[in-house]
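*Asks:* Could you have a look at this structure, given as structure tokens, before my questions?
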Amino acid sequence: MHPMQLSGLPTTWLLTRHSDVRLVSRDSETFASSTGNTLVKVEAAPTSAMLPGIDPPRHVHYRKLINQGFTARNVLRLEPRMRQVARDIVANIVDKGEFDAVTDISAEISLQVIADILGVPAEDRMNVFRWSNAIGSLGIEDPDYAPTPEALGQAAAEMFAYCGELVAHRQKHGLTDDILSALLAAEVDGDRLNRDQLNEFFLLLAIAGNETTRNTLSHGILALSEHPDQQATLARDRDAVQPAVEELLRWATPVMHFRRTVTRDVVIRGQHIPAGDWVLMHYLSANRDEDVFERAAEFDISRPDADHVAFGGGGVHFCLGAQLARLELRVMLEELYPCVPGLTVTGPPDRLRSSFFHGIKRLPCAVG
């Protein structure tokens, strides 16, 4: 672990080991999220329901509410529609012959699934995609995605207004079977999510669902093309898909880090870290930890030890949508490679310039 001095910010300790990431993730009393979880200093928002940025006991309360939208039943009911979307995507790329895997596969399934979850009609989906891309680009260094403060504010205002329209429609015409309706109906100890909190969750799900699955799948397509023997295994053996999903998550690690604020003096690996300092959990490095993963720098879909931290290191902030992401990746792999076993990357990936999202912007491919 290493201390970093960043301009205008507290001393920040970079945690690169798997065990240290686990330790910090599971001790929310010592390592707090309420003053922000990225390399941006913010004040705690006392009414916010954005789960990554609040601590127990408020976090536990809101998580109970939001979990009601992510029951196993709600997630599994998405699979038939998700599978049809995946089949349509495969048919489209076969028809094209040459395509961009990010736009035509990864972004497309992410957008369709998130829109279905949120109950967004087909005609509005590109707006949600545009808003989430603009807001999700905050802090990204890539010049292709650097929004102005005015554009960020406009995107947030439009997305919140649109969420309000969806909520009003359900309140007037009755709830449906989407997750937004489940959240409207959710209640814990007589408490429900208010309008601002619903807006925040809508925003969080739109961004997280678009960015993380899109980047994981794009990195997976690239890695499998570089390992044609493993790609051939997926094409012929359905049982290989589930461990492949876990290896894709380990390999891609779509969100590279989150940070915590130290609330009391603590010692990690012999280093004294005073209260007020920051710790930065580097998930990508932790997922390459040689103490945990044999041949950690190699991509291997048959890897038996998939104890990755792509969804965080456990504890109260473990990713709410982990099972949804796993299902989405599994369905896409099951539909893609048996139909397009010769899928080939035909040019270098255009990688996202970001210290936060581990992304690919464009990936030229052919059906082979």
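Heads up, the sequence shown is in numbering that gives the first Met the number 0, so the first residue is 0 and it goes up one at a time. Each residue gets a CB set at the ideal place from its N, CA and C atoms; glycine is no exception. Everything numeric in this text was worked out from a predicted model, so none of it was measured.
#1: Could you pull the DSSP bridge partners for TRP12 from this structure?
#2: Let me make sure I understand the geometry here. Which of ASN132, PRO227, ASP94, THR175 has the alpha-carbon closest to that of TYR336?
#3: With DSSP run on the structure shown, which of helix, strand or coil describes PHE200?
#4: Near ALA44, what residues of its chain come up, given a Cβ to Cβ distance below 6 Å and the 5 sequence neighbours on each side ignored?
#5: Using beta-carbon positions only, say whether TRP277 and THR102 come within less than 8 Å of one another.
#6: Identify, in the order they occur along the chain, each residue of the same chain with its Cβ nearer than 7 Å to the Cβ of TYR282, setting aside the five sequence neighbours on each side.
#7: If we call anything under 8 Å between Cβ atoms a contact, is GLU97 one with ALA365?
#8: Do three or more CB pairs link the region 190-208 to the region 148-167 at distances below 8 Å?
#9: Expressed to the nearest angstrom, what Euclidean distance is found between the alpha-carbon atoms of SER301 and LEU233?
#10: Would you tell me roughly how many angstroms separate the C-alpha atoms of GLY314 and SER18, rounded to the nearest one?
#11: I'd like to confirm something about ASP143: is its beta-carbon nearer than 7 Å to some heavy atom of the ligand COA, or not?
#12: In whole angstroms, what is the alpha-carbon distance linking GLY173 and GLN83?
#13: Which ranges would you report for the alpha helix (DSSP H) in the region 83-138 if only whole runs of at least 4 residues count?
#14: Could you spell out where the alpha helix (DSSP H) holding ARG235 opens and where it closes?
#15: With DSSP as the reference, label PHE257 as helix, strand or coil.
#16: Only counting the same chain, and skipping five residues up and downstream in sequence, which positions put a Cβ closer than 8 Å to that of ASN209?
#17: Nearest CA to the CA of LEU332: which residue from SER284, ASP236, LYS360?
#18: Counting along the chain, where does the beta strand (DSSP E) carrying ALA251 start and finish?
#19: Sorted by chain position, which residues of the same chain lie with C-beta nearer than 7 Å to ALA48's C-beta, five sequence neighbours on each side aside?
#20: Is it a yes or a no for the region 217-224 touching the region 340-355, going by three-plus beta-carbon pairs under 8 Å?
#21: Quick check on DSSP: helix, strand or coil for PHE298?
#22: Note down the Cα distance separating VAL74 from LEU323, rounded to an integer number of angstroms.
#23: CA-CA distance, GLU140 and HIS357?
#24: With ARG329 and VAL244 assumed to form a contact (beta carbons below 8 Å), what rounded beta-carbon distance in angstroms separates them?
#25: What are the boundary residues of the beta strand (DSSP E) that includes VAL339?
#26: Please classify GLN229 as buried or exposed, where buried requires at least 16 neighbouring CB atoms within 10 angstroms.
#27: Pop quiz: ALA285 and THR15 are said to be a contact at Cβ under 8 Å. What is the actual Cβ separation, rounded to whole angstroms?
#28: Keeping to the same chain, check which residues put their C-beta closer than 8 Å to that of ARG378; ignore five residues upstream and five downstream.
#29: Taking the alpha-carbon of GLY7 as reference, which of ARG249, LEU22, ALA207, LEU38 has the nearest alpha-carbon?
#30: Go ahead and pull the three-state DSSP assignment for GLY219.
#31: Quick one: is HIS271 buried, meaning 16 or more other Cβ sit within 10 Å of its Cβ, or exposed?
#32: For the beta strand (DSSP E) that ALA365 lies in, which residues bound it at each end?
#33: Buried or exposed: which applies to LEU326, given that a residue is buried once 16 or more other Cβ atoms fall within 10 Å of its Cβ?
#34: Tell me whether the beta-carbon of GLU246 lies closer than 8 Å to the beta-carbon of ALA305.
#35: Does DSSP put ARG169 in a helix, in a strand, or in coil?
*Replies:* Quick answer:
#1: PRO2, VAL278
#2: The candidate whose alpha carbon is nearest that of TYR336 is PRO227.
#3: helix
#4: Residue confidence for ALA44 is low, a pLDDT of 43 falling below 50, so the modelled location carries little weight; the figure read from the coordinates is stated next. Hits under 6 Å: none found.
#5: No, they are not a contact pair.
#6: VAL20, THR252, VAL254, MET255, HIS256, VAL308, ALA309
#7: Yes, Cβ-Cβ distance for GLU97 and ALA365 is below 8 Å.
#8: Contact annotation: the region 190-208 touches the region 148-167, with at least three C-beta pairs closer than 8 Å.
#9: Spanning the two alpha carbons is a distance of roughly 11 Å.
#10: In this structure, the alpha-carbon of GLY314 lies about 13 Å from that of SER18.
#11: No copy of the ligand COA occurs in the structure displayed, which carries no ligand at all.
#12: 27 Å
#13: 106-117, 124-135
#14: Annotation: the continuous alpha helix (DSSP H) that includes ARG235 extends over 227-235.
#15: strand
#16: ALA106, SER109, LEU110, ILE113, PHE128, SER131, ASN132, GLY135
#17: When only C-alpha atoms are compared, the closest one is ASP236.
#18: Residue range 240-251 is occupied by the alpha helix (DSSP H) that includes ALA251, with no beta strand (DSSP E) assigned at that position.
#19: Residue confidence is low: ALA48 scores 47 on pLDDT, short of 50, so the model does not pin down where it sits. Its coordinate-derived value is still stated next. The residues are TYR61, LEU192, GLN196, GLU199, PHE200.
#20: yes
#21: coil
#22: Distance between the alpha carbons of VAL74 and LEU323: 6 Å.
#23: 12 Å
#24: 5 Å
#25: Run containing VAL339: none; DSSP gives neither H nor E here.
#26: Here GLN229 is buried. Its C-beta has 16 or more other C-beta atoms within 10 Å.
#27: 7 Å
#28: Shown here, the chain extends from 0 to 367; a query on residue 378 therefore has no answer.
#29: LEU38
#30: helix
#31: exposed
#32: 363-365
#33: buried
#34: yes
#35: When secondary structure is reduced to three states using DSSP, ARG169 falls in the helix class.
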